[in-house]
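S.K.: When you line the sequence shown up against this note's numbering, it's residues 32 to 291, in that order.
If you scroll down you'll find the structure; I have some questions about it.
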Amino acid sequence: MVSDRLNYYTFIHAFWDIYNKDLPLYISSDAILHALHYSFDSYLQEIEANKLFGYLNDGLKKMKNYSTNFSNTVDSEEYENAMKDLDLYLTIALKLLKPSDNIVCNFEENEEELETLLKNIEELSPGSYPLFSSTSRVLDFSQFKPRGHYAEHYLLEHYFRCMIWLGRTEIQITKPGNEISVDHSPEDLKRMTILTALMCEAAFESGANEDLKYMEDILSYLLGVQDNINVWEVRDIMFDMRIEKIFLHLCKQPPGGRKL
């Protein structure tokens with residue numbers, strides 16, 4: 032047991048004190064790992080602020096601008112809901128990343144839901160909400176509280192919140208096998224599947240996939256490969272199924288002419 036009065040902020044402070052007192056010094060693996068993690072954290076912070084923030088902002092804006100091609104004048108409720116979902120998903124991400132920008136929903140009817148979700152995020156309290164689905168699920172908004180080095184700089188606070196939204200917002204295309212998951216209806220799963228396809232196509236048609244690829248390469252190198260399905264895998268699945276475009280111009284075609 033070590034008393035609080037002997038605590039040090041870092042191993043360096045402890046080593047310096049030991050050196051000044053001419054005491055024997057033992058360098059443990061913990062001390063080496065501390066130096067490694069401390070350096071990695073500083074390195075990651077610099078990359079996030081100077082590189083990843085910009086790639087993320089550019090990619091989201093390209094997708095958002097491309098999605099302005101959508102409108103609510105489609106002949107299918109499934110497609111209309113998925114288009115509104117994509118609009119809400121991208122708008123919240125941009126609002127969290129750069130709150131000072133004047134970002135509005137493409138679909139005016141999304142504004143109320145946008146304000147509700149942003150309010151829940153600001154209050155940091157878990158709650159039940161029917162996100163991209165007719166079935167409510169528990170969303171832990173407390174996860175949006177910046178921590179670690181993300182709480183030290185306003186830019187990284189916004190980056191953190193945006194990444195939490197993108198990373199923790201589950202868009203399910205199949206029903207999970209565990210019992211604790213939300214029991215989404217087949218209609219809800221289809222809605223989120225269309226949303227996934229729309230998101231993938233928005234990324235590639237707008238050129239945002241290049242910005243996302245830069246981020247993916249950097250984060251995979253630093254943190255490891257993610258275990259979620261990504262836009263490149265979604266695109267491959269769509270190609271294998273011979274699904275091409277499902278945007279507005281195809282949604283206006285008769286049902287038999289649609290690709291999905």
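Glycine included, each C-beta is placed from N, C-alpha and C at the ideal position.
Taking the beta carbon of Met272 as the centre, do at least 16 other beta carbons fall within 10 Å, making it buried, or is it exposed?
M.R.: Met272 is exposed by the Cβ-count criterion.
S.K.: Hey, could you find the ends of the alpha helix (DSSP H) Tyr97 is sitting in?
M.R.: Where Tyr97 is concerned, the enclosing alpha helix (DSSP H) stretches over 84 to 97.
S.K.: Would you give the residue range spanned by the beta strand (DSSP E) that Leu121 belongs to?
M.R.: Unbroken run through Leu121 is the alpha helix (DSSP H), 108 to 128; no beta strand (DSSP E).
S.K.: Using a Cβ distance threshold of 8 Å, determine whether the stretch 70 to 87 contacts the stretch 228 to 237, with at least three qualifying pairs required.
M.R.: With a cut-off of 8 Å, the stretch 228 to 237 and the stretch 70 to 87 do not count as touching, because too few Cβ pairs lie within range.
S.K.: For the pair the stretch 161 to 169 and the stretch 49 to 65, tell me if three or more CB-CB distances fall below 8 Å.
M.R.: Cβ pair count under 8 Å is below three, so no.
S.K.: Go through its chain and collect everything with a Cβ distance to Lys126's Cβ below 7 Å, but skip five positions before and after it.
M.R.: The residues are Ile134, Leu149.
S.K.: Straight-line CA distance for Met114 to Ala234?
M.R.: Taking the straight line joining both Cα atoms gives about 14 Å.
S.K.: Could you spell out where the alpha helix (DSSP H) holding Gly158 opens and where it closes?
M.R.: Taken as a continuous stretch (DSSP letters only), Gly158 belongs to no alpha helix (DSSP H), being part of the beta strand (DSSP E) at 158 to 160.
S.K.: Find the nearest neighbour of Gly85 within the set Asn137, Glu188, Arg266, Met246, judged by alpha-carbon distance.
M.R.: With distances taken between Cα atoms, Gly85 lies closest to Met246.
S.K.: For Leu155 versus Phe138, is the C-beta spacing smaller than 7 Å?
M.R.: Going by C-beta atoms, Leu155 is not nearer than 7 Å to Phe138.
S.K.: Per DSSP, which one or two residues make a beta bridge with Leu170?
M.R.: Note: Leu170 sits in a beta bridge opposite Gly158.
S.K.: Identify whether Ser59 lies in helix, strand or coil by the three-state DSSP scheme.
M.R.: Note: Ser59 maps to coil in three-state DSSP.
S.K.: Taking C-alpha atoms, which residue in Gly238, Gly255, Leu253 lies nearest to Val262?
M.R.: When each option's Cα is compared against that of Val262, the closest is Gly238.
S.K.: Following the continuous alpha helix (DSSP H) through Ser165, name the residue where it begins and the one where it ends.
M.R.: Ser165 -> no alpha helix (DSSP H), and no H or E assigned at all.
S.K.: Using alpha carbons as the reference points, say which of Ala124, Arg178, Leu91 lies closest to Lys244.
M.R.: Nearest C-alpha to Lys244: Leu91.
S.K.: Write down the C-beta distance between Phe191 and Pro177 rounded to the nearest angstrom, noting that I regard them as a contact closer than 8 Å.
M.R.: Indeed, because the Cβ distance is near 5 Å, the residues count as touching under 8 Å.
S.K.: Just reading off the alpha helix (DSSP H) that Arg222 is part of, what are its end residues?
M.R.: Here the alpha helix (DSSP H) through Arg222 covers 217 to 237.
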